[in-house]
Structures are given as C-alpha cells and as structure tokens.
C-alpha cells in the first residue's frame, strides 16, 4: 500500500479496526511488531489471528461494550493483540504508567471504572493491596505456563472463547477508543477520551506530511499510557503498515536505537541531547587530525543550516564541505548509534532547544518539531522534512484549525479533539468552548506562513518581583544546549528579584568529562572547571535573552532526575511545583547574600 493509498482509503466511516484489517489484507505475512531482543515477532496476520481469538475469549468471560480494560504493561509485542482484542469487543482501553505509585494506580483504576486488568508477571506486584476487578490476566505465565494466584493467562482467555459464536458489532467512528490519563504535572490526572475518528485523523495528518512508506521501522519506547507512543508506536503503524520494534525499558532506548536503525524516530528533547553528548564523546576520542577535519565539517554543516534557515544562498564551498563531512567518518558514528537510516526525527512532548535542532540538521538528519496534546489525539501541527523551520513547530495538521486568541493562547479545532474528560463535564466545558475550540493552555504565535511558535505554558509563567511575565521554557531552551554537561535545567524566580536555575548533569557526558579530567563522577558537580564550563553556557544563553529572562545564579545538583521520579513526569517533563517544593532550601540559598559558586557575571 502506498502512502497515497493509505491516506485515500481512510474514510469518514472508518475505525481503527477497519483500517487495521486493510493493513492485514495488504501485508499479512510481513512483520508488524517485534521485540528488540528478537524474543518475539508477530506478523500482521499473527496480530489479526491472536486479537480475534482473545476477543472471543474476553466476550465469553463477559466483557464487551461499556467496559473499560486497563493495561499495565511494558512496551512489548504482546500489548498489541491484547489491546486490539479489547477494542474488537467494543471495550475502552486505558494504559497505566508502570512507574506510577499505588495511590496513582488506584486513582486511574477507580476513576475509569475498570472491569478487567491485563499485566505481566513482573508488574503484578505493583497492584498488590489495590481494589481490583475480578477479571485479571497476565500476558506471560511462569516456567510452567501458570499465572499468579487470582490471575489468568492469555491461554485461559483463548480457551474460554474457543468454539463460541463470536460476531461483535463494529464500532462507530465517534466511539471512544481509549482513555489516556494526563501525566499530571499538577493536580490529579484526568481521563482524556479519544475516539476512533480522532486517532485516524492523526494518522492520516501525520503521514500525509512525513511521507514514510509501509515497512518503515519505528521504535515504541515511550509509555503506552502517553499519547505520543499510543499514536506513534501503535495507532499510526496500524494504519500505515510501519514495522514496530518494542523497547521494554526506556532507559535502554539508545541501545535499542543502535540495533534497530529506524527510518523514523520520535521523543522528547532529552534523548536527543544524550545523542549529542555521545557525539561529543566520540569526537573527543578521535585522532587529532581526524578531529580537526570533523570540526571543520561540522562548522560547514552549521553554516549551511543557518544560511538555509535564513533563506540565503548556500556558498558552494560550504555545501561541498558539509556533504563531505556527512559522507566521512561521521557515518561511522551515525551507524554506531543507529541513526544512519533516519528519514526524519520529530521532537515533541516538551519545548525543544534550537541548538539541538541545528546540530541534527548540520549532521544531515532532519529534525522537526511537532505539537499536539493528549486532548487533540496527539495532533496539532506537523512539518515535512524539507520544510522545517528551526524554532517553530510546523503548520496546522491536516483537518486541524489553529488560531491564537486575544490572550496569546493557542486554540485547536478539528476531528482530533477529544470527546471530553471522563466524568468531568465542567472541566470539559472549560477546555472546549461552544464553538468547538480546544483551549490548550499554551502560549504561541503564528507567522505569515502559518508556522506556529510555542512560547510557554500560561500556567507556568514566572512573574518576577518586578511584575515581568517570563516563560521558563524560553530560558531553559536558550541555556540547556550550550553545554553537554547540562542534563536538565529548571528555572525559578516567581515573585523573586531575578531568575536562578537548578542544573542536573548529563550522566553520560559527566562520566566522560570526569575520566578526562582525573576526577570521580561525584566530584564533577563541585569541580571548578566544570562549573566554569556551565557558567559559560549560562552566559551564552543569557546573551540571547532579555534582561528579566537572564539567569543570575545557578546550583549544580549532585543527583540525577529520572523520568517518572519526583522531578520528571514519565515523559521527562519537569514537575516544576514539586521541584520548587523539594529544593526549597537550595533555592533560598541561591538568593542569599554571599553566594558565589554559581554566580553569573
């Protein structure tokens, strides 16, 4: 099936199931999803056969329309037939974050009114002590194929449906397909109801611009409880016929990337900052003459990117130098990290620093920003690989309208917009106005060509003691990429006289830096040479900012912030309020008289 056929054959009456069945008919014997370690691979035909057998079993056990099925699973091939089976019987699926604490799991289970839970042996312990429905299934038995006490295996499900009459009614495009609970940077997560129509509109809108053919390899590595992977690693491939490689542990995604060599890759800025840090480590280990050649080539790559972005003619010498650089030793590094076959990279889920985008363009890997919310089925804006504008998140996705209201807030309207928040009519009415516009809470601007820029979150604005409104992401994006030592940066300054920043080191680059400078990793955060490098990065970033936006003091923390921990959501967004609470004494110390270690001139 061609890209054009995939787009053309998705009609107004289609659902995820009808689109999936067309893909099965076209690509039945080809691999649909496989584990990165080779432990399991399922063809499109396997997916159809397994999901149908499981659906018959679920129906025989009493599940069907009106029920909600919760999945607590890592990214693994078994997720796909199980979720498709639940959809086939008309149930609504909801994925749970594997990093959630018991009270968070209980909130989703209770709020969603879950009728069945599907998990795996290594995760069922996280559900101990919680109020669970009687129907509980594990996708993997023990060595004897047995399930834990109180649970059933998928084999039990298939056996329950064997020989039964099974002919479920097809879903309607407007039916709720899944509920995705917002990761909750503040407050309790809300269940976002996403429809079949919404995810199909997202699939068509995305690939009609990216133009990736069937069989393109993509890695599923973000949580399936997040709209980014639900769409990019599941729903869109069901429509387009992409091959999915699953990564069970997101901390190992760079290893999986190195083995999978995908044609398309997506994720938050942090993962690409790690790749940039890996490049710096690779570069530092080169022989002096090769390193000099790489530096010259990279400079030519940057010059080409900047000229192209400015709409200027690229000098012949610059273009030739950049081409030679990309065809030289750089290819060895790109192959080693698995990005040598990438057609395009999309960065999303958090504001992206421009310098990282410049770097990837300079090495010949187009990186674009996409913008979307859970409430818009992950859709909003997207950009073709040859039309990327660094610092902008693209133009309106197919089917989506974008406008900026009088307050500067970004509004979206289209079939991708959610049906509403589960059991929260007042919150739904506050989010979607009577004219159908979704109020995103993001601040943005549209240029004359329809490219959208995201300034920040309305609710995250820092209001200084002088009354200045400052978007912290603007500051963090200006400073963070200036030094590979910087892993995360969080700016603080609400009701304060100036901005300060908490900085966490990049663990990979910090280890390399420590080895080169003869210190331990634990000593890097206090080493004056490291602090000098970070101070220089802050100063360089400050030069791109207005005076109120500039960071005056910073503290490097000798810790690591992990996705799903106290400081970061599972998709690596900063939990600003928790950070401010947890590091209150450190922040107060940054405003104290006599502080010098992380001052900026």
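Numbering (our numbering), first residue to last: 27 to 627. Positions of the beta carbon are idealized from the N, C-alpha and C atoms, including for glycine.
Pick out whichever of the options has its Cα sitting closest to the Cα of residue i.
{"i": "residue 508", "options": "546, 558, 433", "result": "558"}
{"i": "residue 655", "options": "289, 580, 520", "result": "Shown here, the chain extends from 27 to 627; a query on residue 655 therefore has no answer."}
{"i": "residue 40", "options": "203, 326, 386, 66", "result": "203"}
{"i": "residue 398", "options": "293, 302, 198, 189", "result": "293"}
{"i": "residue 483", "options": "258, 422, 337, 599", "result": "599"}
{"i": "residue 306", "options": "66, 74, 366, 356", "result": "356"}
{"i": "residue 237", "options": "408, 138, 606", "result": "408"}
{"i": "residue 159", "options": "472, 328, 613, 89", "result": "89"}
{"i": "residue 70", "options": "92, 300, 45, 565", "result": "45"}
{"i": "residue 104", "options": "134, 122, 365, 72", "result": "72"}
{"i": "residue 130", "options": "602, 419, 152", "result": "152"}
{"i": "residue 519", "options": "488, 536, 495", "result": "488"}
{"i": "residue 191", "options": "340, 537, 163, 78", "result": "78"}
{"i": "residue 410", "options": "193, 444, 369", "result": "369"}
{"i": "residue 163", "options": "97, 454, 413", "result": "97"}
{"i": "residue 517", "options": "275, 445, 606", "result": "606"}
{"i": "residue 405", "options": "193, 235, 126", "result": "235"}
{"i": "residue 495", "options": "312, 572, 301", "result": "572"}
{"i": "residue 440", "options": "456, 420, 135, 461", "result": "461"}
Using a Cβ-Cβ cut-off of 6 Å (strictly less than) and excluding sequence neighbours within five positions of residue i, which residues of its own chain qualify?
{"i": "residue 403", "result": "220, 224, 225, 228, 442"}
{"i": "residue 386", "result": "393"}
{"i": "residue 208", "result": "215, 216, 400"}
{"i": "residue 174", "result": "150"}
{"i": "residue 434", "result": "469"}
{"i": "residue 359", "result": "308"}
{"i": "residue 418", "result": "477, 479"}
From residue i to residue j, what does the alpha carbon distance come to, in whole angstroms?
{"i": "residue 486", "j": "residue 543", "result": "38 Å"}
{"i": "residue 255", "j": "residue 248", "result": "5 Å"}
{"i": "residue 145", "j": "residue 574", "result": "49 Å"}
{"i": "residue 361", "j": "residue 346", "result": "22 Å"}
{"i": "residue 316", "j": "residue 80", "result": "57 Å"}
{"i": "residue 528", "j": "residue 551", "result": "12 Å"}
{"i": "residue 505", "j": "residue 288", "result": "30 Å"}
{"i": "residue 16", "j": "residue 389", "result": "In the structure as shown, the chain starts at 27 and stops at 627, and residue 16 therefore has no counterpart that could be examined."}
{"i": "residue 241", "j": "residue 75", "result": "20 Å"}
{"i": "residue 503", "j": "residue 578", "result": "16 Å"}
{"i": "residue 553", "j": "residue 382", "result": "26 Å"}
{"i": "residue 167", "j": "residue 260", "result": "24 Å"}
{"i": "residue 535", "j": "residue 510", "result": "7 Å"}
{"i": "residue 196", "j": "residue 64", "result": "34 Å"}
{"i": "residue 200", "j": "residue 222", "result": "6 Å"}
{"i": "residue 188", "j": "residue 178", "result": "16 Å"}
{"i": "residue 540", "j": "residue 280", "result": "22 Å"}
{"i": "residue 186", "j": "residue 172", "result": "16 Å"}
{"i": "residue 627", "j": "residue 619", "result": "Low confidence applies to residue 627: its pLDDT is 44, below 50, so where it sits in the model is not reliable, and the reading given next is rough at best. Straight-line Cα distance between these residues: approximately 16 Å."}
{"i": "residue 29", "j": "residue 265", "result": "Any reading at residue 29 must be qualified, since the residue scores a pLDDT of 48, below 50, and its modelled position is unreliable; the value itself is stated next. Each residue's alpha carbon lies about 10 Å from the other."}
{"i": "residue 38", "j": "residue 198", "result": "10 Å"}
{"i": "residue 18", "j": "residue 366", "result": "Since the first and last residues shown for the chain are 27 and 627, residue 18 lies out of range."}
Our contact map puts residue i next to residue j with C-beta atoms below 8 Å; I'd like the distance itself, whole angstroms only.
{"i": "residue 323", "j": "residue 348", "result": "7 Å"}
{"i": "residue 426", "j": "residue 438", "result": "6 Å"}
{"i": "residue 576", "j": "residue 525", "result": "7 Å"}
{"i": "residue 533", "j": "residue 252", "result": "Wrong, their Cβ atoms sit about 23 Å apart, outside the cutoff."}
{"i": "residue 478", "j": "residue 436", "result": "7 Å"}
{"i": "residue 245", "j": "residue 291", "result": "6 Å"}
{"i": "residue 95", "j": "residue 142", "result": "5 Å"}
{"i": "residue 548", "j": "residue 584", "result": "6 Å"}
{"i": "residue 592", "j": "residue 602", "result": "With a Cβ gap of about 12 Å, residue 592 and residue 602 do not count as contacting."}
{"i": "residue 298", "j": "residue 327", "result": "About 16 Å separates the two Cβ atoms, so there is no contact after all."}
{"i": "residue 476", "j": "residue 563", "result": "So it is not a contact: roughly 34 Å between Cβ atoms."}
{"i": "residue 340", "j": "residue 330", "result": "5 Å"}
{"i": "residue 513", "j": "residue 125", "result": "That belief does not hold up - the Cβ atoms of residue 513 and residue 125 are roughly 18 Å apart, past 8 Å."}
{"i": "residue 458", "j": "residue 464", "result": "5 Å"}
Under 7 Å Cβ to Cβ from residue i, same chain only, skipping five residues before and after it: list those, please.
{"i": "residue 165", "result": "99, 104, 108, 144, 146, 180"}
{"i": "residue 285", "result": "62, 364"}
{"i": "residue 332", "result": "none"}
{"i": "residue 53", "result": "70, 240, 267"}
{"i": "residue 296", "result": "598"}
{"i": "residue 588", "result": "594"}
Considering only residues of the same chain and omitting the five flanking positions on each side of residue i, which have a CB-CB separation below 8 Å?
{"i": "residue 448", "result": "137, 138, 205, 216, 217, 218, 219"}
{"i": "residue 415", "result": "335, 409, 477"}
{"i": "residue 555", "result": "543"}
{"i": "residue 471", "result": "430, 434, 478, 479, 481"}
Please confirm if the region 266 to 276 is in contact with the region 57 to 65, defined as three or more CB-CB distances below 8 Å between the two stretches. Segments in contact, yes.
Taking 8 Å as the cut-off, does the region 106 to 116 touch the region 85 to 93 (at least 3 CB pairs, one atom from each stretch)? Three or more pairs of CB atoms, one per stretch, sit closer than 8 Å, so the region 85 to 93 contacts the region 106 to 116.
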